[in-house]
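Take -16 as the starting number for the sequence shown in the numbering used here and just add one per residue.
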Amino acid sequence: MKTDFIVIGSGIAGLASALTLADYGKVLLVSKENLVSGSSRLAQGGIAAVVGENDSFRSHIEDTITAGAAYNDLSEVRFLVEHGPSAIEWLEEQGVNFDRNEQGYLLGQEAAHHARRILHITDFTGFAIVEKLAEQVRRHTNITYLENTFFLDFLVENNCCYGAQFLQWNSVINCLSRSTILATGGLGQIYQWSTNPFSATGDGIAAAFRAGAKIKDLEFIQFHPTALEYNSPVLFLLSEAIRGEGAYLVNERGVRFVQEYDSRGELSPRDIVARVIYLEQKQGRVFLDIRHKGKVFLQERFPNIYAYLLNLGFDMATDLLPVTPAAHYLCGGVVIDIYGRTNITNLFAFGEVSCSGVHGANRLASNSLLESVVFPRQLMKVVGDLPKVVEEKEFRIPEFGGTIQYSDIKKELQKIMWEKVGIVRTKEGMLSAYSQLEKWDEEMQKEQRVNKSFVELKNLVTCARLVTESALRREKSLGAHYVVDR
Ligand SMILES: Cc1cc2nc3c(=O)[nH]c(=O)nc-3n(C[C@H](O)[C@H](O)[C@H](O)COP(=O)(O)OP(=O)(O)OC[C@H]3O[C@@H](n4cnc5c(N)ncnc54)[C@H](O)[C@@H]3O)c2cc1C
């Protein structure tokens, strides 16, 4: 099988990549789920960009760097922020309609932003964006999309990527291409509590690692402070926009407590709020309280969250909402330059799987949807330099099959990561996690046959091991990486 471009993943980064490349050749877009999938469709809060009157690039850059603990790559941050308005324009050209009134955009406020700069579509921004992009993809004659098709590995020889290998039902397919775009999202499922979908098993990170791609900053996992505390491994997010609109965090006695730790209170950066809640949870449960904003406002500003919660038995207008932190976003990933190029020739990466340096040690809220549009649009600047697809090249095809003997380790792995490589880390805890993960990883690498659930599990183990290794290497706390015994 051959095509000009392979795009792996159909979240916002994959869809934006496919639509950009489709002007230059045939695109094969592959997703292990449906076309509208991944974390993108779950994004509630919105997308940050400097489009308001009382805002400036400088302020957005400063906020991004403050949230990232000044570990960010300044030139990449500047690039991201300055291309925000054109990314919004491109999304609007694709049919996305952000909320507006007669004066202009209705801009939301989120923690650690010093201006109202969050464009949104009520509280289902991600879904509304990916639906529109998917509509364009379905219509585009240059794009073929394969759903329920599982990416296994890159076809790499001498540090050059010739395409990718997929599993469709019980068959393994090799596809050759001029270039391959990785957009498989994050790895939140390595943790017991996560806001990420079940599909976030780090397949892209693990395959990139196997192929020899440079990967960095995996220790910076952002934990969202406020997921609904509910009995489910994929926790429902209570968007930061709720705190942005004035919600309080209270303990079991009904007392606000975040100010005791940080004068910015509920709008402190995410890592601080997550840790403060984590500590407060040692005394009892923690709740989000937005009852004072009233039913009319809440139903209008957060219609989907309101309805979803009501379905679970919580009325935002009258009830306290039990919350817990949960693994939410991977700040590090496959290292890319400003054009999305990795260290492997003809292999690009975009979105959450990539690490351009914009997020530093912790992501500023609503910058990730922006990143997932701004960087893929860069492809049009480099597409002319890409080689033709090779006529013929043989790569080994693994046998379908494999073992299920490891299926019970997933829960154990998630628990180990939550307790030992989670919000608050100790060297001792990380070392004990590492020795178990190393053992599992080495054993599982011996199995050469492939099936989806086995490979996903193997990828989870590899990712957990890589995260732990990175965390152990960083001796001091920084941003989202918090170590207590050094
Ligand atoms: C609940 C929630 C709320 C969020 N809210 C916001 C917000 O308001 N603003 C903001 O900026 N960010 C938000 N984020 C973060 C943001 O949504 C993500 O960082 C961003 O959407 C990532 O986009 P992506 O395209 O890189 O990955 P994803 O959207 O996760 O897409 C990954 C794609 O890769 C596919 N895939 C994965 N593995 C394979 C494989 N092996 N084979 C084939 N396909 C594969 C998946 O099926 C999917 O199609 C939120 C995240 C979550 C979880």
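Built from N, CA and C at the ideal position, the CB exists for glycine as well.
Are the beta-carbon atoms belonging to residue i and residue j less than 9 angstroms from one another?
i, j, result
"I321", "F62", "yes"
"S58", "I164", "no"
"S14", "S23", "no"
"G187", "F134", "yes"
"F270", "V217", "no"
"P180", "L25", "yes"
"A196", "V318", "yes"
"V139", "V341", "no"
"A348", "E223", "yes"
"G384", "N434", "yes"
"L201", "V407", "no"
"E335", "A(-4)", "yes"
"L461", "Y213", "no"
"P308", "A210", "yes"
"M299", "I327", "no"
"P381", "R432", "yes"
"R121", "L18", "yes"
"S177", "G171", "yes"
"E458", "V467", "no"
"N125", "G(-8)", "no"
Please check if any C-beta of chain C sits within less than 9 angstroms of the C-beta of residue i.
i, result
"S246", "Absent from the structure is chain C; it holds one protein chain and no more."
Would you mind reading off the limits of the alpha helix (DSSP H) that contains residue i?
i, result
"S436", "435 to 456"
"Y417", "410 to 428"
"I260", "253 to 263"
"N345", "Note, N345: premise wrong, no alpha helix (DSSP H); not H, not E."
"S69", "67 to 76"
Just verifying my parser: in three-state terms, what is the DSSP assignment at residue i?
i, result
"E235", "coil"
"Q282", "helix"
"A309", "strand"
"V404", "coil"
"I319", "coil"
"D272", "strand"
"A31", "strand"
"D368", "helix"
"I112", "helix"
"S177", "strand"
"S22", "coil"
"A(-1)", "helix"
"P208", "strand"
"N287", "helix"
"A190", "helix"
"T47", "helix"
"I380", "coil"
"G146", "strand"
"Q151", "strand"
"N84", "strand"
"G227", "helix"
"I327", "coil"
"G171", "helix"
"I104", "coil"
"K(-15)", "strand"
"S337", "strand"
Using alpha carbons as the reference points, say which of the options lies closest to residue i.
i, options, result
"D136", "V120, A98, V79, A194", "A194"
"A183", "Y312, A50, K278", "Y312"
"L127", "L4, Q431, V269", "Leu is not the amino acid found at residue 127; the sequence shown has Thr there. Of the listed residues, the one whose Cα sits closest to T127 is L4."
"R100", "F81, E118, E85, A111", "F81"
"Q266", "R457, R346, E235", "E235"
"L221", "T(-14), K422, Q27", "Q27"
"I260", "T(-14), L461, Y231", "Y231"
"A32", "D56, K9, L18, Y88", "Y88"
"E395", "L12, V444, R456, F437", "V444"
"A191", "F206, I173, G146, S154", "G146"
"E16", "K429, G323, K371, T167", "T167"
"Q205", "D245, I173, M413, D254", "D254"
"M400", "S246, C446, E375, L304", "C446"
"I71", "I30, S154, L281, R284", "I30"
"L129", "L11, F297, E426", "L11"
"E45", "G343, K422, F437, D391", "G343"
Counting along the chain, where does the beta strand (DSSP E) carrying residue i start and finish?
i, result
"E140", "133 to 140"
"A332", "330 to 332"
"V(-10)", "-12 to -9"
"L165", "162 to 165"
"T184", "Segment: none, T184 is in no beta strand (DSSP E) and carries neither H nor E."
"Y128", "126 to 129"
"V13", "10 to 13"
Assess contact between the stretch 250 to 268 and the stretch 82 to 95, defined as three or more Cβ pairs (one per stretch) separated by less than 8 angstroms. Is contact present? Using a Cβ-Cβ distance cut-off of 8 angstroms, the stretch 250 to 268 and the stretch 82 to 95 are in contact, since at least three pairs of beta carbons, one from each stretch, lie closer than that value.
Can you confirm whether the stretch 284 to 295 touches the stretch 156 to 170 when touching is taken to mean that 3 or more C-beta pairs between the two stretches lie within less than 8 angstroms? Counting Cβ pairs under 8 angstroms, fewer than three are found: no touch.
Using 8 angstroms as the cut-off, can you tell me whether the stretch 33 to 53 makes contact with the stretch 359 to 373, which would need three or more C-beta pairs spanning the two stretches below that distance? Counting Cβ pairs under 8 angstroms, fewer than three are found: no touch.
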